[in-house]
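Visitor: Here it is, the structure, as structure tokens.
Protein chains: 2
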Amino acid sequence: MSRRGLIVQKFGGSSVANPERIKRVAERVIATKRRGNDVVVVVSALGDTTDALIDLASQITQQPSERELDMLMATGEQVSVALLAMAIHELGEDAVSFTGAQVGILTDGTHTKARLVDINVNRVVQELAKGRIVIIAGFQGVNLNQDITTLGRGGSDLTAVALAKALKADECEIFTDVEGIFTADPRLVPQARKLDAISYDEMLELASLGAQVMQARSIFVAKRFGVPIHVRSSFSPREGTMIQETSKAMEDMVVSGVSLQKDEAKVTVRDVPDKPGMAAQLFRELAEHHVNVDMIVQNVSREGSTDLSFTVIKGDLPATLRVARSVSHRIGAGEVTTDEGVAKLSIVGIGMRSHSGVAARMFEAMARERINIEMISTSEIKISVIVRKQHAERAVRVIHKAFGLEKSRRR
Amino acid sequence: MSRRGLIVQKFGGSSVANPERIKRVAERVIATKRRGNDVVVVVSALGDTTDALIDLASQITQQPSERELDMLMATGEQVSVALLAMAIHELGEDAVSFTGAQVGILTDGTHTKARLVDINVNRVVQELAKGRIVIIAGFQGVNLNQDITTLGRGGSDLTAVALAKALKADECEIFTDVEGIFTADPRLVPQARKLDAISYDEMLELASLGAQVMQARSIFVAKRFGVPIHVRSSFSPREGTMIQETSKAMEDMVVSGVSLQKDEAKVTVRDVPDKPGMAAQLFRELAEHHVNVDMIVQNVSREGSTDLSFTVIKGDLPATLRVARSVSHRIGAGEVTTDEGVAKLSIVGIGMRSHSGVAARMFEAMARERINIEMISTSEIKISVIVRKQHAERAVRVIHKAFGLEKSRRR
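Each protein sequence line maps, in turn, to chains A and B. With the first letter of the first sequence counted as 1, position 28 gets the number 28 in this note's numbering; the numbers rise by one all the way through. So the mapping is simple: this note's numbering equals the position in the second sequence, first residue as 1, plus 1000.
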């Protein structure tokens, strides 16, 4: 941050919720510029603009065309970039704003959840060379047909990381309303501690586990291309948390944090025939309907069939049910049931790989509190469990304590 | 309207002010489509959106960059097109929306008041061929640099007329909140009558005289390329007023209507030296500052100098004063004064060309009511006078009566 270079800064919707906040963002951007850096800024839509636009659409139709929804939603970020450019001008610096289309953010054709294909940074490089601050609308791009697309949840982070990669930026700063990545949500665990650094892999797990700071997709792209990310508060000058390749110091730590996700529902398909291809068929069709399946659990079969459970974001539940029931019928499986009264609780840490007994310590802590575990799923650096929603916050606190996360072990 | 063809329909901001009205517009568009026509729809921003956006900008800066202002304002129409497409889908017809940039509405680089250079209608033609209703954001385009531009006041009308021309449309329907063109504002003159038809030239004068129905620029383009315009109400199925080449019937009529404009201010430059080039210098510099000067009056000189008066839209008054004072100083003229307490009142009619005594009849009617005339300016088919604002509405009524405009003379 202090050395000179090219910095990409991303400000989310709450950072630009009103003219006063936009002015503060302008000051922050200008300060970075005046330290001698080239600055590219990515902004989201003002505060609740996107929700307001979706509400407007819902007054017209319950099933809006996704192409038209993208057309509508993309205006939110366009408003932000223009206003931020004006605020920067007002403070005496040169700045120029662009839509995703104008800077060649090319995506595939999947409206509302488009994938990035390419970024043509020529125009951005030209404008930087003129000494201008370049402001780019997050969350949006165009497909080959020049139709406007949007990148789905957390899309502005993805825009920022992808631009940082394409521009070979020295750092990508993600400004948010928290001070960085914590060992647990400080609203749930007052003793939660801010981490100075975290690895891409840990952050990837945390993100997919509901840490609202960044979406998994952006971290995945950052990891793949080695883009260093600095998550920090837009309301404070303090350093936040660096997301980067594993450093030696990190490996001292068994568990980096506890996370909680309450917006998922559990879906169970009963009596799935125990033969090859059954699960594949279900999850392929769900993917075709753009349903993101999170946790999948299937136990060993009894009497030639088994129950298959998985979790999805609640908003995807209607589509999930339609697909699951149709597939279940076709493959000769049984009833499909859903349960929205659950929460997912996870611990993440690269240190898990080399330390045994981590799962045991987690489960014991929950057992002492008589919190029942309904599903378990583990990866190399993560353990997730599904519990009743009403016990979830208490579980976060006891696990945080069980791993001593309130004490700093990193230097 | 009833025969099959290609129809361009333009709906202004009040026609799409809220979801209910957007649905009504959708019904109207679909009805035209189902009568066998290809339909291209141009829409403005929802209700007061543009004002709200400008207000947002004004909370950030008093002197917004015009490029960024265009970036900001263009979102208004983009919201409208997406919502109208959704409303049409909801009613079971196929439709697709586009921004100005997407359909290649190319303009020059004058932000906030851009001029149309070209329209590439390939994409529109392709979509029409698929049987789709094509919805295009009015008021906006892009320059060669792909920067978003806007066309200034009445820009959506211009978009519609220019598209009608480029697509060789059979008709361009301008939907508005009035039923057509009247002999005077019905709110001022209850006896005012709707005209079935009016010539481009008369409409051009009326438009430049403050008839809010359409801006002069669009009518100018329509006249130049012979695009027939049908001005009609979005709230009523009745036929409105056709704007077209002069027909024989029209020439029977001496005066077509009386109009009133209250948003202009009078500017006077005192003691302008009576030598060549003085006025030219003033009006060239005003043009360079994009000030539209309306009425210009200069009387014969006395003692080597003369007073020069003209009117401008009140919003342009600060810029006008800066320019006029600077020029006055340079050319050795005197004081520059302004007067916002005036109104302009005009009568328009192709028949004037061949009828004498029209001016006399107008002035006599005003004299009987003891309404003083401060400035007079005439063209071949128009007489305009400047009066005190408080007498203006009364003057409209007496002139309307003096020319018997309440009685239909056309068949």
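The beta-carbon is built from N, C-alpha and C at its ideal position, and this holds for glycine as well.
1) Applying the criterion that 16 or more other CB atoms from any shown protein chain within 10 Å of the CB defines a buried residue, is B:Ile1119 buried or exposed?
2) If you reduce the DSSP assignment to three classes, tell me which class B:Val1042 lands in.
3) Under 9 Å Cβ-Cβ, which residues of chain A neighbour B:Thr1075?
4) Does the count of Cβ pairs from the stretch 225-234 of chain A and the stretch 171-190 of chain A closer than 8 Å reach three?
5) Taking the alpha helix (DSSP H) that B:Ile1181 falls in, what are its first and last residues?
6) Using 10 angstroms around the beta-carbon of B:Ser1199, count the other beta-carbons present and answer buried if the total reaches 16, otherwise exposed.
7) Contact criterion: CB-CB distance below 7 Å. Does B:Arg1411 meet it with respect to chain A?
8) Tell me which residues of the stretch 15-27 of chain A have at least one Cβ-Cβ distance to chain B shorter than 9 Å, keeping chain order.
9) Counting C-beta neighbours from all protein chains within 10 Å, is the total for A:Glu335 16 or more, i.e. buried, or is it exposed?
10) Is A:Gly76 helix, strand or coil when you go by DSSP?
11) Mapping DSSP to helix, strand and coil, what is A:Ile381?
12) Counting along the chain, where does the alpha helix (DSSP H) carrying A:Gln102 start and finish?
13) Against chain A, does B:Gln1009 count as a neighbour if the rule is that its beta carbon must be under 7 Å from one of theirs?
14) Within the 7 Å Cβ cut-off, does B:Ile1198 reach chain A?
15) Counting only C-beta atoms, is B:Ile1060 closer than 7 Å to chain A at any point?
16) Quick one: grab the DSSP three-state call for B:Arg1187.
17) With DSSP as the reference, please indicate the residues paired to B:Thr1246 in a beta bridge.
18) Could you give the C-beta distance for A:Ala343 and A:Ala392, rounded to a whole number, given that I count them as a contact under 8 Å?
19) Comparing alpha-carbon positions, which option in A:Asp339, A:Val272, A:Gly349, A:Arg388 lies nearest A:Ile331?
20) Would you tell me roughly how many angstroms separate the C-alpha atoms of B:Lys1165 and B:Ala1222, rounded to the nearest one?
21) Would A:Asp55 be called buried (16 or more neighbouring beta carbons within 10 Å of its own) or exposed?
22) Among residues of its own chain, excluding the 5 on either side of B:His1329, which ones have a beta-carbon nearer than 6 Å to its beta-carbon?
23) CB-CB under 8 Å to A:Asn145, same chain, minus the five flanking residues each way: which ones, in chain order?
24) Spell out whether any CB of chain A is found under 7 Å from the CB atom of B:Glu1090.
25) State the Cα-Cα distance for the pair B:Thr1150 and B:Leu1204, rounded to the nearest angstrom.
26) Can you list the residues of chain B that A:Leu140 reaches, using a CB-CB cut of under 7 Å?
27) DSSP state of B:Val1398, grouped into three classes?
28) Under 7 Å, Cβ to Cβ, is there at least one residue of chain B near A:Ala162?
29) Would you mind stating whether A:Ile148 and A:Val142 have Cβ atoms separated by less than 7 Å?
30) What does DSSP give as the partner residue(s) for A:Glu173 in the beta ladder?
31) Would the beta-carbon of A:Thr268 fall within 7 Å of that of A:Ser309?
32) If you draw a straight line from the alpha carbon of A:Ala74 to that of B:Lys1194, how long is it in whole angstroms?
33) Please list, in chain order, the residues of the stretch 24-57 of chain A that have any C-beta partner in chain B closer than 9 Å.
34) Taking only runs of the beta strand (DSSP E) that begin and end inside the stretch 100-166 of chain A, which ones reach a length of at least 3 residues, in chain order?
35) Check the Cβ of B:Ser1259 against every Cβ in chain A and list those closer than 9 Å, keeping chain order.
36) Any beta-carbon of chain B closer than 7 Å to the one on A:Ala87?
Guide: Taking the geometry as given:
1) buried
2) strand
3) Ala74, Thr75, Gly76, Gln78, Val79, Ala82
4) yes
5) Run containing B:Ile1181: none; DSSP gives neither H nor E here.
6) buried
7) Per-residue confidence for B:Arg1411 stands at a pLDDT of 32, beneath the threshold of 50, marking its modelled position as unreliable; no derived number is given.
8) Asn18, Pro19, Glu20, Ile22, Lys23, Ala26
9) exposed
10) helix
11) coil
12) Counting along the chain, A:Gln102 falls outside any alpha helix (DSSP H), and DSSP gives it neither H nor E.
13) no
14) no
15) yes
16) coil
17) None, per the DSSP bridge assignment.
18) 4 Å
19) A:Val272
20) 8 Å
21) exposed
22) none
23) Gly109
24) yes
25) 22 Å
26) Here the sequence assigns Gln to residue 140 of chain A, which means Leu is not the residue at that position. Those do not exist, as A:Gln140 stays about 11 Å from chain B at its closest Cβ, beyond 7 Å.
27) helix
28) no
29) yes
30) A:Gln9, A:His230
31) yes
32) 42 Å
33) Ala26, Leu46, Leu53, Leu56, Ala57
34) 105-107, 116-119, 133-137, 140-142, 148-150
35) Under the 9 Å cutoff, chain A gives no residues; its nearest Cβ is about 36 Å from B:Ser1259.
36) yes
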